[in-house]
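Report on one structure; see the data block that follows.
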Amino acid sequence: MFKKILIANRGEIALRVICACKELGIKTVAVYSDADRNSLHVRFADEAVCIGPPRSSESYLNIPAVISAAEITNTDAIHPGYGLLSENANFAEVCETSDIKFIGPPPEVIRLMGEKEKARQAMKRTNVPILPGSEGVIATAEEAKEWAIQIGYPVIVKASAGGGGRGMRVIRAETELEGSFNSAQAEAAAAFGNGNLYMEKFIEQPRHIEFQVLGDLHGKVISLGERECSIQRRHQKLLEESPSTQVTEELRQQIGKKLSECLAQIGYVNAGTVEFLMDEDGSLHFIEMNTRIQVEHPVTEMVTGIDLVKSQILLAAGAKLGDIIPRLDRKGQRGHAIECRINAEHPEKFTPSAGKIKTFHVPGGLGIRVDTAAYAEGVIPPYYDSLIAKLISHGRDRDEAIMRMRRALEMFIVEGIHTTIPLHRRIMADPDFQAGRFDTKYMERFLAKLQEERVQLTAVSA
Amino acid sequence: MFKKILIANRGEIALRVICACKELGIKTVAVYSDADRNSLHVRFADEAVCIGPPRSSESYLNIPAVISAAEITNTDAIHPGYGLLSENANFAEVCETSDIKFIGPPPEVIRLMGEKEKARQAMKRTNVPILPGSEGVIATAEEAKEWAIQIGYPVIVKASAGGGGRGMRVIRAETELEGSFNSAQAEAAAAFGNGNLYMEKFIEQPRHIEFQVLGDLHGKVISLGERECSIQRRHQKLLEESPSTQVTEELRQQIGKKLSECLAQIGYVNAGTVEFLMDEDGSLHFIEMNTRIQVEHPVTEMVTGIDLVKSQILLAAGAKLGDIIPRLDRKGQRGHAIECRINAEHPEKFTPSAGKIKTFHVPGGLGIRVDTAAYAEGVIPPYYDSLIAKLISHGRDRDEAIMRMRRALEMFIVEGIHTTIPLHRRIMADPDFQAGRFDTKYMERFLAKLQEERVQLTAVSA
Amino acid sequence: MNQKELKELIEFLIEKDISEFELERGDVKVRIKRGSEAAAAPSVVSVMPQMMAPAPAQVSAAHPQPAPAQTAPSASAPPAAAVVPAVEEELHMVKSPIVGTFYESPAPGAPAFVKPGDQVQAGQTLCIIEAMKLMNEIESDATGEIVKILASNGQPVEYGQPLFALRARK
Amino acid sequence: MNQKELKELIEFLIEKDISEFELERGDVKVRIKRGSEAAAAPSVVSVMPQMMAPAPAQVSAAHPQPAPAQTAPSASAPPAAAVVPAVEEELHMVKSPIVGTFYESPAPGAPAFVKPGDQVQAGQTLCIIEAMKLMNEIESDATGEIVKILASNGQPVEYGQPLFALRARK
């Protein structure tokens, strides 16, 4: 087992990894930028190394600085968290050559899954359902036109190397095709240094459903069921839950089995998440895989009782899945879990809200979990992402989880900065959300509805 | 279902009940003394009524004030929490005559269980094992001598109306009997206005094990397994866990079954706890029953997944056990849970430490639950008991629960007042505790050991 | 404001034991906080107590308000005070010694025990508070003139809630 | 307000035990907060930052200390500062621009680049920091006299850690 792990991250996920290490009796090294000197991950680690100025590119993304910090502290392994260097195959490689264990899949698997089209083809070969789409990269608008006819409009083109919505265009008719294709290509080239595009069938009202997997170093991969992450705004997830109201036990088993086979073949190791879109008929279509722990991993932990971050560490150290995950826990999820992402943002305008937290009162009690690195009198720096806390509720069923989340949101008090807490309170009170009637366009409709209500209120009071 | 519930309590348990009500969509009324004006239970209730000055006897124990508060707020039901009025049969009666539902057993059952000797006889009649002891009250030292011969030394005499160690004497030989008996009788008379004593076999190294029960208004009572509460100091529990390492599934089922029968016969309703001593042979002997929710109820909640306070409310409203507790949850506890009571006390001298809290940082993350009404800049008044927070860890097994508790205790930071956090850190690190080697005398030995270590350290450094 | 004025101001503040002072001229805005922490009634208060401010409907509002979902950093005055009108002169408050329902007269339809302007003696009955079906006569704890009745007939009152404002005679 | 006025003002504020003071001239805006809390200097600050103090062993302590179980309200100085000796005069600090291992000489056994008392030029190599098997020469960013070497040979250093104290020549 590792004696000491360096956490190449910050915020709540750094603290999450520190918790897992402490519970395994492993020493921890925090790295931090000048802006994070007073952070909790620095406070609670056994050692801490300042690796650079506030900007991520000069600190948390600075591979030599991170590796040097690991070397001078005699670290055995590095946990990359999510974001930052977590899906950087180059970083995983440097770790390997520096004799430091990277807690994640091997670099070549990270690289394979990082190229969307290759990942699609890998999935397709083992019969994981993928969206109807182009095979390989599309070079020209002409070629794209042919594919579109074959797939059927509407279609969507995406950047092979992409993410976050860039290099992406929905095309509903042939007349739009050439213009959209060319601008997507240009955008992709600018954003990722790679203009490669591929095409997929476009689903008008998809649900975003993803499967959590774990793989050991002995060729075994298991699925731990799904998470529903359809509540998004501009491709940013706001709220996740498990299980999905739309996934039957049969579908869960079927997809889980296919994923286990496919990923074992690919040589997948450690934790990962396979993302699907669900179409209006309830069928799942693979879109991409994230080769790291996910922000929303807690909902899976709550319903399976499995500590995913501890599992990551144990698997990286060579443990067998059969030894660390009792057969009992593998089937039969228990209850329902919901996670609300509490961001330091204005709850209506979504503008970031950095600054000093004056009051920070977290809710507690039965079925409530809070993952956070924020604290009263602490400062949210403007340099990093706006997630400051994850509020997770667990109940015997979805209704109980919702009621519990509602009371926890009422009791979660943050003063000094804006947060998305009021937004989540409104979502939880929404009959459509409560009935499970949503898809990835939900937030657009929901925000429009809120806006309309405000307008009407103003009209009434005028 | 009730529309509005008044919580006749303060501190964390008042907040606990408020959480349960919110999750059931029931309005809440807090009552508070002048000293608790800025308390969280006042803050988070829908309504709040000041019922008197700081001293409990003039506020929280003032039955007319509590009932009046219920009347002026049109409350349907009162939840008494633990302590204070929770086992006051008279209060339950006044509620009844005022047409307010008392959330607990009927007054006559509270009264029956409040008289220890009657409770013992009731249990004995239905074959719940009780300690060998006198039948009924012992009037004179002569009579006591005969009982002692029959039971066999060592024996213990206890006050029928008592509790908290008063009117209690261990007698190891006939020579001590007369003096001890008479002084116990005098003490009992002074403390409880009732000098009645009874005698029991004395167990030198008992473990304190208690069973959680729930009864509905339709004649059904179930057992939800046991809690081990042997870590006590002067009869005050410090730390509880579930399950007990000493209770086999067979014993759990056997005792559970007998309790269900016995309590159904008695007409027991709502939540209750049946306390046993376990002797050196692993046999359980009934000692007394608490007719209310217990401080340590969360450990049972964590391993059963059942919300006991919600259940109390639903049962008081007439729900059937079969409807609110799925059969699935009744058997097979899940994992292991530990609760540490965080008291505002000096961790070595145990002197109360009231005052203003400067820093209050609670730990979070997977498997950690905190029940508290304390907060940064809040004041712990000197008038009430010293419990300020309950830290609960849940893990797949006892080892995981212990490691999780250790990391949570490391991350629990309270400044401004003394707390028992450092004491719990030491207990968690103790090999005897870790191995489950303890009984109700554990703390005496543990504190003596700590003292010895300190002396040695001083000697070395001298 | 020049240097000299400023110094004078500060000295004045010290003399008057003002612990915090704010001023904005544009459209005026003053904020004054008295006494060191001693009087510090709601002083440091700002950290959490803001949050602690009595958000829930106090009993005086027997018509319960919506659940306190909002983090209202509402008035930091103690709950009961909410009922008290701004008092210019120092009046003596006769407070409720018990929780119950306030009645101004001995029986429905009967005249009120007292009305504003009345002179009352310490020990004189001012009102009745019903608690648990019992009618409790509440006596004045001071001698003087009734200035204002702060509770209304049939209204629920809590412990310590001011019922009458009295101009006490010394 | 000129330098002199400002100094006077500050002295006056100290004398009068004013802990906070704000002023805006455009349309006036004053804010004054008096002492008492002064002693509690970082008063409201004390809430968490105390707890935030660098409990974990900083990298400079390569021999890791026991886990920071204690809630040590330890010194609130920034981590690196722990290494810096009390400085009476104002010295210039040459700080480490990278994380790595500090070497005072170009090769094992070779004489140190500099020693206390040496005069150095801006741009002159002062030491080597090894990071990822690469030897990085660290140059002085000021001209002056080396007063003290704050890192020792072979010791790990973090970003921003002071390496040399220099009496800078103007």
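Top to bottom, those sequences are chains A, B, C and D.
Per the working numbering, the very first residue in the first sequence carries number 1; after that it's consecutive.
Per the working numbering, the very first residue in the second sequence carries number 463; after that it's consecutive.
Per the working numbering, the very first residue in the third sequence carries number 925; after that it's consecutive.
Per the working numbering, the very first residue in the fourth sequence carries number 1095; after that it's consecutive.
We treat Cβ as the ideally placed atom computed from N, Cα and C, and that holds for glycine.
Does DSSP classify B:A497 as helix, strand or coil?
-> Here residue 497 of chain B is taken as the residue at index 35 of the second sequence, counted from 1. B:A497: helix per DSSP, three-state reduction.
Give the straight-line distance between the Cα atoms of D:F1106 and C:I942, rounded to the nearest whole angstrom.
-> Here residue 1106 of chain D refers to the residue found at position 12 when the fourth sequence is read from its first residue. Here residue 942 of chain C refers to the residue found at position 18 when the third sequence is read from its first residue. Rounded to the nearest angstrom, the two C-alpha atoms are 17 Å apart.
Consider the Cβ of A:F44: report whether some Cβ of chain B lies at a distance smaller than 8 Å.
-> Walking along the first sequence from the start, residue 44 of chain A turns up at place 44. Yes - at least one Cβ of chain B is within 8 Å of the one on A:F44.
Report the residues of the stretch 826 to 845 of chain B with a CB closer than 9 Å to any CB of chain A, ordered along the chain.
-> G826, G827, L828, G829, I830, R831, V832, D833, T834, Y837, A838 and E839
CB contact flag (B:E485, A:R398, <8 Å) = Numbered from 1 along the second sequence, position 23 holds the residue referred to as residue 485 of chain B. Numbered from 1 along the first sequence, position 398 holds the residue referred to as residue 398 of chain A. No; because the gap between Cβ atoms is not below 8 Å, this pair is not in contact.
Between the stretch 235 to 250 of chain A and chain B, which residues of the former have CB atoms less than 9 Å from a CB of the latter, in chain order?
-> none
From the DSSP output, in three-state form, read off A:F433 for me.
-> Taking the first residue of the first sequence as position 1, residue 433 of chain A is located at position 433. Looking at A:F433 - three-state DSSP - the assignment turns out to be helix.
Alpha carbon to alpha carbon, how far is B:F822 from A:T458? Give it in angstroms, no decimals.
-> The residue you call residue 458 of chain A lines up with position 458 of the first sequence. The residue you call residue 822 of chain B lines up with position 360 of the second sequence. The straight-line gap from Cα to Cα measures roughly 42 Å.
Kindly say whether C:I1022, judged by its beta-carbon, lies nearer than 8 Å to any beta-carbon of chain B.
-> To locate residue 1022 of chain C, count along the third sequence from 1; it is residue 98. Judged by the 8 Å Cβ criterion, C:I1022 is in contact with chain B.
Should D:M1226 be flagged as near chain A, meaning a C-beta pair shorter than 8 Å?
-> Taking the first residue of the fourth sequence as 1, we reach residue 1226 of chain D at position 132. Yes, D:M1226 lies at the interface with chain A (some Cβ there is under 8 Å from its Cβ).
Does the distance from the C-beta atom of B:D496 to that of B:V504 stay below 8 Å?
-> By one-based count along the second sequence, residue 496 of chain B stands at place 34. By one-based count along the second sequence, residue 504 of chain B stands at place 42. No.
Would you decide whether A:G136 is buried or exposed? Buried here means 16 or more other CB atoms lie within 10 Å of its CB.
-> Here residue 136 of chain A refers to the residue found at position 136 when the first sequence is read from its first residue. With fewer than 16 Cβ atoms within 10 Å of its Cβ, A:G136 is classed as exposed.
Whole-angstrom distance between B:M463 and A:L112, CA atom to CA atom | Reading the first sequence from its first residue, position 112 is the one you call residue 112 of chain A. Reading the second sequence from its first residue, position 1 is the one you call residue 463 of chain B. When rounded, the distance between both Cα atoms is 57 Å.
Around the C-beta of B:R858, are 16 or more other C-beta atoms found within 10 angstroms, so that it is buried, or is it exposed?
-> Position 396 of the second sequence holds residue 858 of chain B. By the 10 Å Cβ count, B:R858 comes out buried.
Short check: CB of B:A806 to CB of B:I850, under 8 Å?
-> Along the second sequence, read from residue 1 onward, the residue named residue 806 of chain B stands at position 344. Along the second sequence, read from residue 1 onward, the residue named residue 850 of chain B stands at position 388. In this structure, B:I850 lies closer than 8 Å to B:A806 by Cβ.
Every unbroken beta strand (DSSP E) within the stretch 501 to 567 of chain B, with a cutoff of 3 residues, ordered by chain = 509 to 514 and 539 to 541
When the Cα atoms are used, what is the spatial distance from C:G1033 to A:S353?
-> Counting from one through the third sequence, the residue named residue 1033 of chain C turns up at place 109. Counting from one through the first sequence, the residue named residue 353 of chain A turns up at place 353. Cα to Cα, the separation comes out at about 60 Å.
Proximity winner among A:K310, A:V157 and A:V455, relative to A:I103 (alpha-carbon distances) | Along the first sequence, one-based indexing puts residue 103 of chain A at 103. Taking only the C-alpha atoms, the option nearest A:I103 is A:K310.
Minimum C-alpha distance to D:A1245 - residue among D:E1114, D:T1195 and D:P1200 = On the fourth sequence, position 151 is the one that residue 1245 of chain D refers to. Minimum Cα distance to D:A1245 is reached at D:T1195.
Determine the closest residue to A:V29 out of A:D46, A:L15, A:N38 and A:I13, with distance taken between C-alpha atoms.
-> Taking the first sequence and counting its residues from 1, one reaches residue 29 of chain A at position 29. Here the closest residue by C-alpha is A:D46.
May I have the straight-line CA-CA distance separating A:A115 from A:V157, to the nearest angstrom?
-> Locating residue 115 of chain A in the first sequence gives position 115, where the first residue counts as 1. Locating residue 157 of chain A in the first sequence gives position 157, where the first residue counts as 1. The displayed chain sequence assigns Glu, not Ala, to residue 115 of chain A. Using only the alpha carbons, I get a separation of about 14 Å.
How long is the line joining the alpha carbons of B:N550 and A:I222, rounded to whole angstroms?
-> As a position in the second sequence, residue 550 of chain B is number 88, starting the count at 1. As a position in the first sequence, residue 222 of chain A is number 222, starting the count at 1. Whole-angstrom Cα-Cα distance: 55 Å.
In chain D, which residues lie less than 7 Å from A:G52 when you measure between Cβ atoms?
-> Against the first sequence, residue 52 of chain A aligns to sequence position 52. Within 7 Å Cβ-Cβ: Y1253.
Own chain partners of A:A58 with C-beta closer than 7 Å, once the 5 adjacent residues on each side are dropped = For the purposes of this step, residue 58 of chain A is identified with residue 58 of the first sequence, where counting begins at 1. The residue asked about is misnamed: residue 58 of chain A is Glu in this sequence, not Ala. Closer than 7 Å at Cβ, skipping near neighbours: G52.
Using a Cβ-Cβ distance under 8 Å, would C:E944 count as near chain D?
-> Position 20 of the third sequence, counted from the first residue, corresponds to residue 944 of chain C. It does; some Cβ of chain D falls within 8 Å.
Hey, quick one: how far does the beta strand (DSSP E) through B:M463 stretch, first residue to last?
-> What you label residue 463 of chain B is simply residue 1 of the second sequence in a count that begins at 1. Unbroken run through B:M463: none, as it is neither H nor E.
Chain A partners of B:M865, CB-CB under 9 Å?
-> In the second sequence, the residue the question calls residue 865 of chain B occupies position 403. In chain order: K22, E23, L24 and G25.
For A:N290, decide whether its Cβ has a neighbour in chain D, counting only Cβ atoms nearer than 8 Å.
-> Within the first sequence, residue 290 of chain A is the residue found at index 290, counting from 1. No, its Cβ sits nowhere closer than 8 Å to a Cβ of chain D.
Where A:F192 falls: helix, strand or coil (DSSP) = What you label residue 192 of chain A is simply residue 192 of the first sequence in a count that begins at 1. Reduced to three states, the DSSP call for A:F192 is helix.
Do B:V731 and B:L777 come within 8 Å of each other at the CB atom, strictly closer than that value?
-> Counting from 1 along the second sequence, the entry for residue 777 of chain B is found at position 315. Counting from 1 along the second sequence, the entry for residue 731 of chain B is found at position 269. Going by C-beta atoms, B:L777 is nearer than 8 Å to B:V731.
Say whether chain D places a C-beta atom closer than 8 Å to the C-beta of C:A977.
-> Taking the third sequence and counting its residues from 1, one reaches residue 977 of chain C at position 53. Residue placement at C:A977 is poorly supported in this model, since its pLDDT is 39, which falls under 50; the coordinates still yield a value, given next. With 8 Å as the cut-off, C:A977 does not count as an interface residue toward chain D.
Which runs of the beta strand (DSSP E) spanning at least 3 residues fall entirely within the stretch 205 to 260 of chain A, listed in chain order?
-> 207 to 215, 221 to 233 and 236 to 242
Ignore the nearest five residues each way along the sequence and tell me which others in A:R207's own chain have a CB closer than 8 Å to its CB.
-> For the purposes of this step, residue 207 of chain A is identified with residue 207 of the first sequence, where counting begins at 1. Same-chain partners within the cutoff: E228, S230, S244, Q246, L277, M278, F438, D439 and T440.
Inter-residue Cα distance where the pair is A:V299 and A:E241 | What you label residue 299 of chain A is simply residue 299 of the first sequence in a count that begins at 1. What you label residue 241 of chain A is simply residue 241 of the first sequence in a count that begins at 1. Straight-line Cα distance between these residues: approximately 6 Å.
Out of curiosity, what's the CA-to-CA distance linking D:R1263 and A:Q294?
-> The sequence position of residue 1263 of chain D within the fourth sequence is 169, counting from 1. The sequence position of residue 294 of chain A within the first sequence is 294, counting from 1. Each residue's alpha carbon lies about 54 Å from the other.
Exposed or buried, A:A8, counting other C-beta atoms within 10 Å across all chains shown (16 or more means buried)?
-> In the first sequence, counting from the first residue as 1, residue 8 of chain A sits at position 8. Answer is buried; the Cβ neighbour count reaches 16.
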